[in-house]
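Per mature numbering (1 follows the signal peptide of the UniProt record, and there is no 0): the sequence shown = residues -23 to -1, 1 to 710. Positions of the beta carbon are idealized from the N, C-alpha and C atoms, including for glycine. Beneath this line is the structure, given in structure tokens, with notes to follow.
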Amino acid sequence: MQVKTQIVLVAAVLLQSLQQARGAEFETKSGIRTWVDPATPNDRQTYISTRGEQWDLVMSDEFNTPGRSFKPGDDHMWTSIDKPDGVNAALEVYSHNMTSTKCDDDGTCYFYIMATDEATTLKLWNDYKNPPGYQTTTFHYRAGMVQSWNKFCFQGGMVEVRVQLPGVVDGNPDAAGGASAQAATKKYYPTWPGIWMMGNLGRAIFSASTNRMWPFSYDECNDDVFLSSNQRISACNSNPGSGMNPNQGRGAPEIDILEGAGNEVSSSIQLGPGMPTDFRIIYPTEDLNSGCVYTGSCTTKGANVPDVPTAFYKSKRGHKSWYQGLRYGANNFCAASGSLKQDYTTVKASMDKGITENSCTVANCPGSKDANADISLIDGSTTNHWSINTNGTCFPTLNGYTGAYLCSPGNPSSLCEKTDVPQSDKMKVFEYQMDAISANWPIHVAAYTSYLVYQLEWVMGDTGYVRWMLAGQPLFEIPSSAIVNPPQDSAKKNPKKIMIEEPMYMIFNVALSSTWGTQPPNAGKACRGDGTDAVANKICDSFPLYMKIDYIRLYQDTSKNSTMAVGCDPKSHPTKQWIQDHIDEYQDFDNLAIDVSGKGFCRTDDDCTISQNKTKVTTGSCVKSRCKCIGASWTGPRCTATLGTVETNENGVTSISVHNSYGPPWYLALLTSGLTLLVTFVAVYLSIKSAQRHDADRKRQMMTQPKSAMSIGSASDVGIKPDPKENYSTNFV
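Here is the structure:
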């Protein structure tokens, strides 16, 4: 009896300790961080931000081990996709075997995605047909996508990737100008490579998960400004369920570190809800081709650049248009041209006076062709101004693509595409504008012949920003003020969004499209067409093409008061329960969400076990340079997390529950005494067994269900079509 009493007392202490430790992370015995690759050089463990703060390395992958598999369940951080790309007029299917790691003879090791001209014919469901049904579609290319979805996520920090983009070098006339020559001949860059991030509540190309979720970054409840039913998790909902916080608007916004478009790279954030029509660029109604917005050649007054001509926009609207105070910097690795050089004084005078022409020139506008751009000094410089092309080098410009109007199938709204498709009964009716705040910056040939270092700083909050850099040189920056304080009319109808703060995951992919800025030969058909075009044949002979990534590293402010964090399920923005409750929207038969324990890279056993001062507890070991967890109760890349969490309900009843995702921050503390360890083992073991039975039942049930309209081959996988007035491509949804 006395022993039983002691056990009960110890169990009570254990539960109290576990409650206090919820959200904590155990350190490894060696001291290496959970997501850091031990191969990262010692002199790359810290980073000084553009604001002068020291940030620490919290994640890295050096890709130094050849032959890695990224199939579901095979890797601690990355998951490859086996699925047709159903959006953006895609021409490819993604396959597991199109991505891996390799080491060249010179010792350079890298991650790669291969794109090849191999046809695949599939039967897919399309809700945008009338009547909805299956259609046979041929994809003429195969390529790859990997994601860290629901494994590794983060909020804020500096992401650095060293990348070589896929391009055809043999016979490419641009190569004759050397590494600094501007890439100009688009046909030699036929793919659409991307390195980007998305909020964990949406899984890229699983559109059932992104409908009414992508790319919201909005936390207000005001149906007079934006109809809350269009946002799946709205601030108007006091009981959203599935672990969501009450009255908190959520979504899956997007940050694109780079999207390759042949002669230029696009850097952007995509968020919603978008600005109403009266705050957007004037539509080119007097032009036969609305694509004139991309070249600044529209004859329609006001259709080339927001707020240009100045007086015309002011008299027509009485308020500013589009996002204010965006910042642009030069790609000074690109060869200079005297005709592009600008003088700050001249440009400033033109902006102060008001631009009278219908388009931007070197003399009357910032080099960014953004009349509302910030032209203050860059980072304390006494000579270099934001948005002024002082050196005449390759310079970013405001992207003509500003977003799309998203509608459910058959939506009768006047703003949606007119079709004979009936409204779908498989998804909630919706319509909303999304915005792309984006800059296109000209790229030089070296991007395709060698590795360049691309960087992105992301700081959350009303005083935060997102900055894109090339090897430390600023290219583009979006200050939070542009998002949280947009232009307003007297009725204040322009939604105030928030700077992106969702836990974001990483995505690498190579796509091909018939509507993107660069296309393969004979887009929509076999690469060589009828075989009579010698240049097309030469380009097609160059397949497979490769995107190579030498490494990825993430640095964060880890100081006490920092809001930056690592984890897919933070208390401020939970995702775990929502995903579990809607798991069929995030996976299909070929892309199951499989949990991974261990597999983090290691050098010694101490990299794979927890650090405890008074107890010799081994939670994992280093086997062939990758962590292997001991028993079923320890998980995480370094076996430093347990599967269970302790929860107390509103009645004060405490229980141990097991979740099927190991992502931080849900770790349990381990008490140091042997008896406590025994209690821990028993409690967790029983919980795991129960959860495993439940999970197995759920998966068996799912596998016997017919495909829903939201799974692979569904209408949502075909993609959401944009406003018919805008032949723009949406971005990887």
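Start and end residues, alpha helix (DSSP H) containing residue i
| i | result |
| --- | --- |
| Met328 | Tyr321 to Lys330 |
| Tyr425 | Ala423 to Thr426 |
| Val461 | Ser457 to Val461 |
Under the three-state DSSP convention, the category residue i falls into
| i | result |
| --- | --- |
| Phe289 | helix |
| Lys515 | helix |
| Arg21 | helix |
| Lys676 | Residue placement at Lys676 is poorly supported in this model, since its pLDDT is 41, which falls under 50; the coordinates still yield a value, given next. Lys676 falls in the helix class under three-state DSSP. |
| Ala181 | coil |
| Trp445 | strand |
| Gln554 | helix |
| Asp347 | coil |
| Ile560 | helix |
| Asp104 | coil |
| Tyr300 | coil |
| Ser536 | coil |
| Tyr482 | strand |
| Arg45 | coil |
| Arg505 | coil |
| Asn417 | strand |
| Ala153 | helix |
| Met175 | strand |
| Gly220 | coil |
| Arg294 | helix |
| Pro192 | coil |
| Leu375 | strand |
| Asn127 | coil |
| Leu34 | strand |
| Tyr87 | strand |
| Phe256 | helix |
| Asn207 | helix |
| Asp582 | helix |
Sequence-distant residues of its chain with Cβ nearer than 6 Å to residue i (five each side left out)
| i | result |
| --- | --- |
| Thr287 | Gly331 and Ile332 |
| Arg209 | Arg189 and Met190 |
| Trp126 | Arg180 and Tyr482 |
| Gly441 | Ser457 and Met476 |
| Pro261 | Ser267, Cys269, Cys275, Thr277 and Ala280 |
| Lys474 | Ser194, Tyr195, Leu248 and Ile460 |
| Tyr428 | Arg139, Gln141 and Asp527 |
| Val70 | Pro61, Thr97, Phe116 and Arg119 |
CB contact flag (residue i, residue j, <8 Å)
| i | j | result |
| --- | --- | --- |
| Met437 | Thr540 | yes |
| Glu39 | Asp20 | no |
| Ile246 | Glu231 | yes |
| Gly380 | Gln410 | yes |
| Val443 | Leu433 | yes |
| Lys525 | Tyr166 | no |
| Thr113 | Thr98 | yes |
| Ser37 | Ile529 | yes |
| Glu4 | Ser490 | no |
| Val422 | Trp169 | no |
| Cys337 | Lys346 | yes |
| residue 713 | Gly44 | Nothing can be reported for residue 713, as the shown portion of the chain is limited to -23 through 710. |
| Val146 | Thr426 | yes |
Beta-carbon separation (whole angstroms), residue i vs residue j, contact threshold 8 Å
| i | j | result |
| --- | --- | --- |
| Thr552 | Thr11 | No, Thr552 and Thr11 are not in contact; Cβ-Cβ is about 18 Å, not under 8 Å. |
| Ala313 | Gln159 | With 8 Å as the limit, Ala313 and Gln159 do not qualify as a contact, their Cβ atoms being about 10 Å apart. |
| Asp284 | Asn349 | 6 Å |
| Pro253 | Asn471 | 6 Å |
| Tyr111 | Pro386 | At roughly 15 Å, the Cβ-Cβ gap does not stay under 8 Å, so Tyr111 and Pro386 are not in contact. |
| Phe131 | Leu531 | 6 Å |
First and last residue of the uninterrupted beta strand (DSSP E) at residue i
| i | result |
| --- | --- |
| Ile246 | Glu241 to Leu248 |
| Ser77 | Thr76 to Cys80 |
| Ser267 | Neither: Ser267 is in no beta strand (DSSP E) and is coded neither H nor E. |
| Phe131 | Cys130 to Gln132 |
| Met122 | Met122 to Gln124 |
| Cys606 | Arg603 to Cys606 |
Own chain residues within Cβ distance below 7 Å of residue i, not counting five before or after
| i | result |
| --- | --- |
| Ser353 | His362 and Trp363 |
| Tyr563 | Arg180, Phe183, Ser186, Ile556 and Ala570 |
| Gly297 | It is Lys, not Gly, that sits at residue 297 in the sequence shown. So the qualifying residues of the chain are Asp284, Asn349 and Pro464. |
| Ser26 | Trp32, Met135 and Glu434 |
| Gly597 | Gly575, Cys585, Thr586, Cys604, Lys605, Cys606, Ile607, Trp611, Arg615 and Cys616 |
Contacting residues, own chain, Cβ-Cβ under 8 Å from residue i (five flanking each side not counted)
| i | result |
| --- | --- |
| Asn376 | Ser243, Ser245, Ala413, Ser415, Ala416 and Asn417 |
8 Å Cβ cutoff, residue i in contact with chain B
| i | result |
| --- | --- |
| Ser458 | Absent here is chain B; the protein component of the structure consists of one chain. |
Any non-hydrogen atom of the ligand MN within 7 Å of residue i CB
| i | result |
| --- | --- |
| Lys548 | No copy of the ligand MN appears in this structure; indeed no ligand is present at all. |
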